[in-house]
Amino acid sequence: MMNIKIDNKEHSVEEGQTILEVCRNLDIEIPHFCYHPGLSIAGNCRMCLVEVKGMPKLMTACSTMVQDKMEIFTDSDVVKEARKGVLEFILLDHPVDCPICDKSGECDLQNYNFDYGIDQRRSIFPKERHKVEKISEKIYKNDNRCVLCTRCIRFLDEVTKTHEFTTIERGSHTHITCVDPEGLDQNPFASNIADLCPVGALGLNEFRFKKRVWLTEHVRAVCPGCEAGCNLTVDLHTKQTPLDPNVGPVVRFTSADNYSMQRFFICDEGRYSYSGYNETERRLLHPELDGEETTNGKAKAFLKEALSSELTGAVVLSPLASVEENYAAILLAEQMGYDLYRPSPFRKDLPEPALFIEKIKAPNHRMMKLLEVPKVTDMESSDYGVVLVLNSIGSIRDNSLVKILSLLKRAKYSITFEVERSEFSENSKLALPAPMFLEEDGCFINSSKRIQRSTGGLGYPEGVRPLWEWLFGNRFTNSESLLTQFSNEKLGIELSYEKIGKEGVEL
Amino acid sequence: MKKEVKLSFWDRLYLPAILVGMGITIKHFFKNLFTPPSKRYTVEFPERKKDVPEWYRGLHRLNTRDDGSVKCVACYCCATACPADAIFIEAEDIDDLDESYPREKRPKQFIIDLHRCIFCGFCQEACPEDAIVLTNEYEITQLSRDEGLITMEELIKTPKKKMD
Amino acid sequence: MMAKLLAPEVFMIVKVVAVFIIVLTMVAVGTWVERRGAAFIQDRVGPNRVALFGKFRIMGLAQPVADGIKFFFKEDVIPANADKILFVLAPLIAFIPATMTFAAIPFGRSFDINGVHYFLSILPPATNIGVLYVFAIGSMGVYGIIVGAWASNNKWSILGGMRASAQIISYELAMTMAVVGVVLSTGSLRLDRVISAQTGLWNVVPQFLGALVFFVSMFAETNRLPFDFAEGESEIIGYHVEYGSMKFSMFALAEYANMITAAALFVTLYLGGWHFPWLDQWIWGSILAFLLKLVSILWIFVWVRWTLPRFRYDQLMRLGWKVMIPLSLVNMIVVALFLAYRG
Amino acid sequence: MSLRFTEQDMQNIEVICQRYPDKKAATLPTLHFAQKKFGYISEDAVKAVAAVLNLPVAHVLGVATFYTMYNKKPVGKYHIQVCTNISCALMGSREIFQHLRQKLGIASGETTEDKLFTLQEVECLGSCGTAPTIQINEKYFESMTVEKIDELVESLKKGEIDV
Numbered sequence: 000m001m002n003i004k005i006d007n008k009e010h011s012v013e014e015g016q017t018i019l020e021v022c023r024n025l026d027i028e029i030p031h032f033c034y035h036p037g038l039s040i041a042g043n044c045r046m047c048l049v050e051v052k053g054m055p056k057l058m059t060a061c062s063t064m065v066q067d068k069m070e071i072f073t074d075s076d077v078v079k080e081a082r083k084g085v086l087e088f089i090l091l092d093h094p095v096d097c098p099i100c101d102k103s104g105e106c107d108l109q110n111y112n113f114d115y116g117i118d119q120r121r122s123i124f125p126k127e128r129h130k131v132e133k134i135s136e137k138i139y140k141n142d143n144r145c146v147l148c149t150r151c152i153r154f155l156d157e158v159t160k161t162h163e164f165t166t167i168e169r170g171s172h173t174h175i176t177c178v179d180p181e182g183l184d185q186n187p188f189a190s191n192i193a194d195l196c197p198v199g200a201l202g203l204n205e206f207r208f209k210k211r212v213w214l215t216e217h218v219r220a221v222c223p224g225c226e227a228g229c230n231l232t233v234d235l236h237t238k239q240t241p242l243d244p245n246v247g248p249v250v251r252f253t254s255a256d257n258y259s260m261q262r263f264f265i266c267d268e269g270r271y272s273y274s275g276y277n278e279t280e281r282r283l284l285h286p287e288l289d290g291e292e293t294t295n296g297k298a299k300a301f302l303k304e305a306l307s308s309e310l311t312g313a314v315v316l317s318p319l320a321s322v323e324e325n326y327a328a329i330l331l332a333e334q335m336g337y338d339l340y341r342p343s344p345f346r347k348d349l350p351e352p353a354l355f356i357e358k359i360k361a362p363n364h365r366m367m368k369l370l371e372v373p374k375v376t377d378m379e380s381s382d383y384g385v386v387l388v389l390n391s392i393g394s395i396r397d398n399s400l401v402k403i404l405s406l407l408k409r410a411k412y413s414i415t416f417e418v419e420r421s422e423f424s425e426n427s428k429l430a431l432p433a434p435m436f437l438e439e440d441g442c443f444i445n446s447s448k449r450i451q452r453s454t455g456g457l458g459y460p461e462g463v464r465p466l467w468e469w470l471f472g473n474r475f476t477n478s479e480s481l482l483t484q485f486s487n488e489k490l491g492i493e494l495s496y497e498k499i500g501k502e503g504v505e506l
Numbered sequence: 000m001k002k003e004v005k006l007s008f009w010d011r012l013y014l015p016a017i018l019v020g021m022g023i024t025i026k027h028f029f030k031n032l033f034t035p036p037s038k039r040y041t042v043e044f045p046e047r048k049k050d051v052p053e054w055y056r057g058l059h060r061l062n063t064r065d066d067g068s069v070k071c072v073a074c075y076c077c078a079t080a081c082p083a084d085a086i087f088i089e090a091e092d093i094d095d096l097d098e099s100y101p102r103e104k105r106p107k108q109f110i111i112d113l114h115r116c117i118f119c120g121f122c123q124e125a126c127p128e129d130a131i132v133l134t135n136e137y138e139i140t141q142l143s144r145d146e147g148l149i150t151m152e153e154l155i156k157t158p159k160k161k162m163d
Numbered sequence: 000m001m002a003k004l005l006a007p008e009v010f011m012i013v014k015v016v017a018v019f020i021i022v023l024t025m026v027a028v029g030t031w032v033e034r035r036g037a038a039f040i041q042d043r044v045g046p047n048r049v050a051l052f053g054k055f056r057i058m059g060l061a062q063p064v065a066d067g068i069k070f071f072f073k074e075d076v077i078p079a080n081a082d083k084i085l086f087v088l089a090p091l092i093a094f095i096p097a098t099m100t101f102a103a104i105p106f107g108r109s110f111d112i113n114g115v116h117y118f119l120s121i122l123p124p125a126t127n128i129g130v131l132y133v134f135a136i137g138s139m140g141v142y143g144i145i146v147g148a149w150a151s152n153n154k155w156s157i158l159g160g161m162r163a164s165a166q167i168i169s170y171e172l173a174m175t176m177a178v179v180g181v182v183l184s185t186g187s188l189r190l191d192r193v194i195s196a197q198t199g200l201w202n203v204v205p206q207f208l209g210a211l212v213f214f215v216s217m218f219a220e221t222n223r224l225p226f227d228f229a230e231g232e233s234e235i236i237g238y239h240v241e242y243g244s245m246k247f248s249m250f251a252l253a254e255y256a257n258m259i260t261a262a263a264l265f266v267t268l269y270l271g272g273w274h275f276p277w278l279d280q281w282i283w284g285s286i287l288a289f290l291l292k293l294v295s296i297l298w299i300f301v302w303v304r305w306t307l308p309r310f311r312y313d314q315l316m317r318l319g320w321k322v323m324i325p326l327s328l329v330n331m332i333v334v335a336l337f338l339a340y341r342g
Numbered sequence: 000m001s002l003r004f005t006e007q008d009m010q011n012i013e014v015i016c017q018r019y020p021d022k023k024a025a026t027l028p029t030l031h032f033a034q035k036k037f038g039y040i041s042e043d044a045v046k047a048v049a050a051v052l053n054l055p056v057a058h059v060l061g062v063a064t065f066y067t068m069y070n071k072k073p074v075g076k077y078h079i080q081v082c083t084n085i086s087c088a089l090m091g092s093r094e095i096f097q098h099l100r101q102k103l104g105i106a107s108g109e110t111t112e113d114k115l116f117t118l119q120e121v122e123c124l125g126s127c128g129t130a131p132t133i134q135i136n137e138k139y140f141e142s143m144t145v146e147k148i149d150e151l152v153e154s155l156k157k158g159e160i161d162v
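Chains as they are written, first to last, in numbering that gives the first Met the number 0: chain V, 0 to 506; chain C, 0 to 163; chain H, 0 to 342; chain W, 0 to 162.
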């Protein structure tokens with residue numbers, strides 16, 4: 000630990016950090032383009048210049064390490080003047096076409112120029128113009144807007160190590176170019192460069208001109224695509240009118256920075272999975288008894304009848320459902336003396352490069368393993384009177400599927416808790432509608448045993464209720480109380496949503 | 000607050016006040032009787048149109064460039080500014096990019112719901128391209144609700160303001 | 000030809016038809032004058048769009064015709080819970096007395112041809128009940144209103160009807176007492192005597208108070224502003240809320256017919272009837288003089304309507320009972336004392 | 000990839016590489032070598048260099064486009080580079096450049112139809128003391144005048160001077 004002064008305020012900070020990192024942790028804003036926590040430090044945008052006492056010139060905050068008794072000024076007149084100058088140079092050839100730029104609304108350049116920049120271009124020379132091109136299936140490039148931060152180049156060089164991008168030409172003619180469009184298409188992380196780009200130079204073809212970002216609200220979620228548990232920023236546009244061009248309510252997924260996991264990117268498979276949540280045709284929105292739509296009251300009566308039948312029972316947990324939902328099912332099993340099972344999750348070969356992508360394609364599989372729940376395929380007999388199956392159909396292997404189906408078919412009271420109409424719901428007596436990902440708050444335990452919280456921005460549709468409300472509507476008032484009880488009983492620690500926070504807790 | 004007014008006997012007769020009042024009305028009557036119809040306050044509408052002030056906010060117009068293309072770049076600024084949610088835009092790519100002007104986006108559909116519109120002019124204020132303006136056109140009735148959804152093609156045809 | 004017309008029976012029919020046509024025409028023109036006059040007083044234009052054959056606008060004079068046609072072809076609705084017979088009868092009860100009253104009014108000087116005396120009123124003036132007849136029949140108009148209001152089976156209309164009948168009855172008293180002065184000074188109930196008694200000096204001068212009371216009561220009797228409690232078209236709901244189409248227009252006709260009758264009565268009683276300096280030496284001149292006076296009184300009806308606001312109900316009652324009746328009594332006593340003094 | 004280095008070339012490049020700590024540092028001389036061999040640095044040449052040095056194509060392309068000494072287009076037999084920086088310009092290099100343009104009938108960066116001359120306006124050639132300076136291929140011609148240029152071009156056409 001050492002003591003430094005930032006803007007005449009004493010701070011005690013850890014060694015081995017740059018000024019920018021220190022300021023970021025202290026919530027002091029230092030504008031920057033080329034710095035990114037997941038990439039190497041380039042120091043080429045000159046936007047993060049700060050004044051350091053004793054230094055003859057301004058220092059780049061991103062590449063200067065803090066030292067003991069350092070005095071840093073992030074907001075002095077010199078610094079402001081420098082930012083103004085840097086922005087004027089950056090904007091020299093910038094088209095300032097914010098109205099048509101898809102980055103507008105979340106653009107660093109736009110924000111910084113609003114805060115620090117000048118409003119009039121002084122140069123009388125015409126601006127350099129480049130054509131907009133779609134460089135690959137996923138990405139388009141607009142060189143006019145590029146500020147040459149080289150984040151994209153560094154990402155492809157350092158993180159995926161595929162080297163598709165470079166800068167060519169020099170001086171004022173410098174621009175980025177893609178030397179290997181096919182490689183970019185095959186790169187499973189390529190779309191991250193659209194997120195990385197601090198301006199609108201690189202963007203996703205899929206999102207191009209679809210929605211203005213300021214119309215959306217952002218929700219932090221955990222990607223349900225695999226066990227890795229990447230953090231997502233989900234853009235939702237829920238206030239659409241019928242005449243609006245219909246993209247949404249889920250507009251796109253982008254990655255959310257998770258400093259604790261040191262993870263700032265998401266794979267393209269996860270990113271483009273957003274459109275699946277806009278399809279509602281197969282959704283189960285009302286309880287179904289023997290394939291016929293029924294009321295909540297009748298469904299509840301059936302549930303009660305099943306639970307009071309004193310038959311043997313089995314509960315099949317779901318690696319797709321959240322900790323809270325699974326725990327509700329566990330509680331039921333414990334209370335009624337039912338057997339607990341877990342299905343074997345679906346596996347998929349990894350793409351190249353894989354980085355942090357996991358083979359197991361279910362977000363909460365680690366929870367089953369932690370609790371040492373037996374596999375459904377290891378089950379000896381399958382004669383149960385009551386069977387409750389949680390929503391898992393999209394994530395389990397075929398042998399589990401067959402086993403669960405036979406369970407359902409033989410049981411007198413077969414109950415499934417499903418998002419969509421599926422083989423499970425068709426083969427069970429009672430199918431209860433389950434909330435979809437993004438519709439409910441819930442926690443997931445990822446492959447590195449980190450419990451993270453996913454926020455439900457859409458809210459429950461009418462008629463859809465979480466499982467704990469069906470089973471223990473009187474005992475629990477919210478899902479957080481389930482989490483607290485779960486962590487107390489099964490993990491031996493006290494957890495709450497506040498404690499988990501944005502970035503999760505390592506178990 | 001109650002204000003007590005003491006009326007004199009003359010006031011309480013009321014007749015003089017009534018006569019004065021009748022004098023005023025008959026003055027107006029004769030004034031209007033001898034005013035030619037063209038100079039009366041009332042404008043006889045379909046034959047004579049009222050000259051609205053230049054700041055009048057009537058039917059919207061989408062301005063076009065010299066080559067006839069719509070100035071609008073589908074930036075959604077107007078739709079965002081609209082307090083009545085009356086504007087619906089769908090954006091589209093332009094392939095034939097003119098390098099002298101950074102045009103890559105244009106509206107595929109641009110609908111204004113006149114039944115929702117409150118003619119506040121915020122869209123005009125928000126527009127960075129001077130594409131949408133509110134003209135002096137005030138004869139904007141429709142025979143059905145569907146006709147109230149004004150499309151881009153119709154908006155281009157709205158006559159310009161006289162002053163423009 | 001002339002002789003044929005002057006045959007007593009034919010002459011009677013000619014008079015009836017002429018009077019009827021003139022009254023109805025005046026009703027139609029009256030609505031037009033009312034609306035155009037109102038418009039001009041309020042700096043507006045008024046109805047001027049309806050064009051004959053789609054071409055000739057003639058300042059909106061075709062508007063009453065258009066209105067009439069409209070009324071005629073409108074759907075006739077009778078409310079489900081209304082008393083159907085009375086509901087249909089009420090407009091007639093309102094309209095017929097209004098026109099009947101006019102029968103007693105002499106609208107021109109009488110004349111002799113070939114020794115036969117011709118008089119220009121529908122009822123023969125020899126009947127010594129002229130003034131009584133007028134009041135007797137005129138008072139029946141209130142039945143139309145109250146019956147219509149009651150038959151509609153609507154609380155708002157009954158409120159309007161109640162108010163109207165109370166008002167009419169209240170002012171009837173003052174009106175009649177004012178006329179007593181005229182009858183006293185004339186010494187006869189015959190309206191032609193009343194007129195001939197005014198040769199030289201119209202009653203309005205010696206009996207100014209009576210004329211004023213009669214004039215004010217006239218507005219109340221005809222339910223005109225500032226006493227339009229029966230209808231209160233702008234805010235209160237009147238006796239004919241449930242009426243539409245021709246039935247409604249009958250009420251409207253009755254109102255205008257009442258106005259004309261009341262105005263004719265005022266002309267007869269206080270303004271010397273068909274008397275007019277120099278003009279009344281010819282028969283046609285006397286009719287013209289009568290019509291001129293009538294029209295100007297009618298104009299005053301319109302004029303007052305667009306000048307004065309409506310009274311409050313308590314003000315109306317106070318004015319009727321505490322001002323008008325005492326004033327008419329004073330007028331009567333003054334006239335009686337004067338007559339007694341003169342012998 | 001149409002362009003290839005021969006075995007002999009590979010040995011030469013190996014020699015170059017040995018002069019540097021890693022192969023990345025050998026990019027510039029290898030590119031020079033490739034330019035000499037292939038005439039100019041085409042996209043294929045970049046790929047060939049990248050392949051032989053085991054570097055990403057992107058890196059080699061970035062380097063190749065950064066330096067103006069690598070010709071990205073085919074050049075004529077004589078690549079005339081006229082310095083128009085301040086010293087030479089003061090001594091009349093602009094007139095020389097204009098003269099050459101008219102004489103050869105080409106603009107800056109173009110090649111004559113007979114593929115003999117390529118004219119290019121360049122920045123300082125580092126010979127300000129003997130301005131105006133022009134460089135033809137790798138040889139300097141200093142203290143030039145319009146007359147000297149005429150002479151020079153004529154003799155170049157005849158092949159009298161070796162550059």
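Even for Gly, the Cβ is constructed at its ideal location relative to N, Cα and C.
Just so you know, these numbers come straight off a predicted model, no measurement behind them.
Taking the alpha-carbon of P344/V as reference, which of P352/V, G336/V, M367/V, R282/V has the nearest alpha-carbon? Mapped onto the first sequence, residue 344/V falls at position 345. Checked all of P352/V, G336/V, M367/V, R282/V; the closest Cα to P344/V is M367/V.
Which residues, in chain order, does the stretch 13-27 of chain C contribute to contact with chain H at a C-beta distance below 7 Å? I17, G20, M21, T24, I25, H27
What are the residues in the stretch 99-126 of chain V lying within 7 Å of chain C by C-beta distance? I99
Taking only the alpha-carbon atoms, compute the straight-line gap between L278/H and F226/H and give it to the nearest angstrom. Taking the first residue of the third sequence as position 1, residue 278/H is located at position 279. Taking the first residue of the third sequence as position 1, residue 226/H is located at position 227. C-alpha separation (whole angstroms): 36 Å.
Report all residues from its chain with a CB closer than 6 Å to the CB of D92/V; omit the five preceding and five following residues, and keep chain order. For the purposes of this step, residue 92/V is taken as the residue at position 93 of the first sequence. Same-chain partners within the cutoff: K126, E127.
Buried versus exposed call for T221/H [16 or more other C-beta atoms within 10 Å across all chains shown]: In the third sequence, the residue the question calls residue 221/H occupies position 222. When all chains shown are included, T221/H counts as buried.
Are the beta-carbon atoms belonging to F106/H and W273/H less than 8 Å from one another? Start at 1 with the first residue of the third sequence, and residue 106/H comes out as number 107. Start at 1 with the first residue of the third sequence, and residue 273/H comes out as number 274. Going by C-beta atoms, F106/H is nearer than 8 Å to W273/H.
CA nearest to the CA of N257/H, picked from V141/H, S295/H, W155/H: By one-based count along the third sequence, residue 257/H stands at place 258. Considering only alpha carbons, the answer is V141/H.
G284/H in three-state terms, based on DSSP: Here the question's residue 284/H lines up with position 285 in the third sequence. G284/H falls in the helix class under three-state DSSP.
Whole angstroms is fine: what's the gap from T476/V's alpha carbon to P465/V's? By 1-based counting over the first sequence, the position of residue 476/V is 477. By 1-based counting over the first sequence, the position of residue 465/V is 466. About 11 Å.
Proximal residues of chain H, C-beta to C-beta of L32/C below 8 Å: Start at 1 with the first residue of the second sequence, and residue 32/C comes out as number 33. Those within 8 Å of L32/C in chain H are F39.
Run through chain V and tell me which residues come within less than 8 Å of C116/C, C-beta to C-beta. To locate residue 116/C, count along the second sequence from 1; it is residue 117. In chain order: nothing, as chain V lies at least about 13 Å away.
Starting from the Cα of F37/W, find the closest Cα among V74/W, T117/W, C82/W and give me that residue. Position 38 of the fourth sequence, counting from 1, holds the residue named residue 37/W. If we check each option's Cα against that of F37/W, V74/W comes out closest.
When DSSP labels each residue in this structure, what does H139/V get in the three-state scheme? Against the first sequence, residue 139/V aligns to sequence position 140. Before going on, a small fix: residue 139/V reads as Tyr here, not His. Y139/V: strand per DSSP, three-state reduction.
With 16 other Cβ atoms within 10 Å as the buried cut-off, status of G129/H: As a working note, residue 129/H is residue 130 in the third sequence. That one is buried.
Note down, in chain order, all residues in the stretch 48-78 of chain C with a beta-carbon under 8 Å from any beta-carbon belonging to chain V. V72, A73, C74, Y75, C76
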